[in-house]
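Working notes, structure below.
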Amino acid sequence: MRTLLTFLATLLASTSCWPAPGKAGEGPTPAERADALRRHGLDPATPLASRVGATPASVLKMFDEAGAPAPRAHELTEAERRKLRAAFEALPPLHRRILGERLRTVSFLDGMPNTALTSAVNADEPYRLFDITIRAGILGETASEWLTWKERTCFDVGDSPLSVSVEAGGLDAVAYVLLHEATHVVDDCLRLTPEGAAERRGAGEPRPTAFTEGVWADRLTPSPPYRDPLLDRTRYRPGGRVLPIGQAEALYAALRRTPFASLYGSANCHDDLAEYVALYHLTEVLGQPYRIVLRERDRPILAYEPFKSDLVRGRAGQMKRFYEVGP
Ligand SMILES: [Zn+2]
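Numbering (mature numbering (1 follows the signal peptide of the UniProt record, and there is no 0)), first residue to last: -19 to -1, 1 to 308.
Dropping the structure here:
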């Protein structure tokens, strides 16, 4: 996860690839787009599910650098291909349109250290294309199973009778993971969260966007009303760590006081958006639950459904744009 976060920070700190609507004179020209598509071998007319391919060498190299054992290519079975097709079809219309234009490959690896990686093919070019790489192990899991596993990585249970679970229905985990990763591509193209390029040039903090205004002071720091010492210490935060599960109740009480859709959404403004969009789509459009439950042995002692929180729902109006384009 840290590998992913570090990488995304790099990815998202690069140049924006698509102007916000209405900003004339910015962004790639049709010639730059045609040139990028030709040189990187992407035909936007091909179906998304047909873009399954070998993991590009540039992506595999990132795992070398992380010092992890080398992941291995995973050949999809026919059943796994069906799951991937369904995952593409379940995406919001805006995601499908932008992935159609920008996704070069989607590939699967066994033994990846993190769940998924979205990487720019041509980070320094005006018209950016992307590869998405996914850990093949999630193809056998439901969203509930994978989200529960992920939530549990935040806590040290020791000999405590407490356990945390996420009830998110029986949708395939790959549908959720693709939704989250594809939102990073949409974000990078439409700049729904602030870009980092200005920071890298020493030009100061980039301006907030409609989604981050009043919620994030900068890309990694929530605005004062949503800053919390415990939320700040989860393993998703810079310098954070795995917390004793005895602190889970207080941690979720703190999460309730924020507009973040999940604990992972409190990690940084980019994952705030990716989690918000993914969980909005899961609960409000696909009709699945998203409920965090803390139990003491079999007895639930806390349940939190972010999309029933007024603070979280207060941002839902910003989701309209994901559904306003044709497929
Ligand atoms: Zn992410």
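Ideal Cβ placement from N, Cα and C applies to all residues, glycine included. As the structure is a computational prediction, the values presented were derived from the model and not from experiment.
Not one heavy atom of ligand 1 is found less than 6 Å from the C-beta of A259. A distance below 7 Å separates the beta carbons of A124 and L152.
If you draw a straight line from the Cα of T174 to the Cα of M300, it is about 14 Å long. By the CB criterion at 7 Å, A231 and L212 fall outside the cutoff.
Sequence-distant partners of V138 (beyond 5 residues in either direction) whose C-beta falls short of 8 Å from its own C-beta, in its chain, are S144 and I226.
By the C-beta criterion, the stretch 95 to 108 is judged to be in contact with the stretch 7 to 22, since at least 3 inter-stretch pairs fall below 8 Å. For the 7 Å CB-CB criterion, V33 and V102 do not form a contact.
Judged by their CB atoms, L159 and A68 are nearer to each other than the 7 Å cut-off.
Per the C-alpha coordinates, the member of P187, R222 and L292 positioned closest to R237 is L292. As the crow flies, the alpha-carbon of A234 is around 15 Å from that of P281. Sorting R78, G8 and R272 by C-alpha distance to the C-alpha of F288 places R272 at the top. By the C-beta criterion, the stretch 161 to 171 is judged not to be in contact with the stretch 129 to 138, since fewer than 3 inter-stretch pairs fall below 8 Å.
Judged by DSSP in its simplified three-state form, F241 adopts coil rather than helix or strand. DSSP links F89 through a beta bridge to I115. If you look at P94, you'll find it isn't in any beta strand (DSSP E); DSSP assigns it neither H nor E.
Assigned with DSSP and collapsed to three states, F303 falls in helix. Taking a contact to require three or more Cβ pairs closer than 8 Å, the stretch 28 to 43 and the stretch 76 to 84 qualify as touching.
Between the alpha carbons of D168 and P50 lies a distance of about 31 Å.
Counting only heavy atoms of ligand 1, the residues whose C-beta sits closer than 5 Å to one of them are, along the chain, D252 and A255. Taking C-beta atoms as the reference points, L254 and F303 fail to come closer than 7 Å.
For T36, same chain residues with a beta-carbon under 7 Å away, outside a window of 5 residues either side, are A54, S88, L90 and T114 in chain order. For A259 against Y157, the beta-carbon gap comes to about 6 Å, under 8 Å, which counts as contact. Rounded to whole angstroms, the separation of the alpha carbons of E122 and D45 is 27 Å. Excluding five sequence positions before and after G150, the CB atoms of its chain that fall closer than 7 Å to its own CB belong to A124, S125, Q269 and P270, given in chain order. Shortest Cα-Cα distance from E82 to any of P11, N249 and D252 involves P11. The beta-carbon separation of R222 and R216, rounded to 6 Å, stays under the 8 Å limit for a contact. In this chain, the beta strand (DSSP E) harbouring I273 covers R272 to E277. Rounded to whole angstroms, the separation of the alpha carbons of P25 and R63 is 21 Å. Here A30 carries a helix assignment [DSSP, helix/strand/coil]. DSSP places V102 outside both helix and strand once states are collapsed to three, so it counts as coil. Annotation: L254 is outside any beta strand (DSSP E); the continuous alpha helix (DSSP H) that includes it extends over C250 to Y261. Leaving aside the five residues that flank A71 on each side, the residues in its chain whose CB is nearer than 7 Å to its CB run, in chain order, A156 and L267. A check of alpha carbon separations from S100 across L128, M43, I119 and T134 identifies M43 as the nearest.
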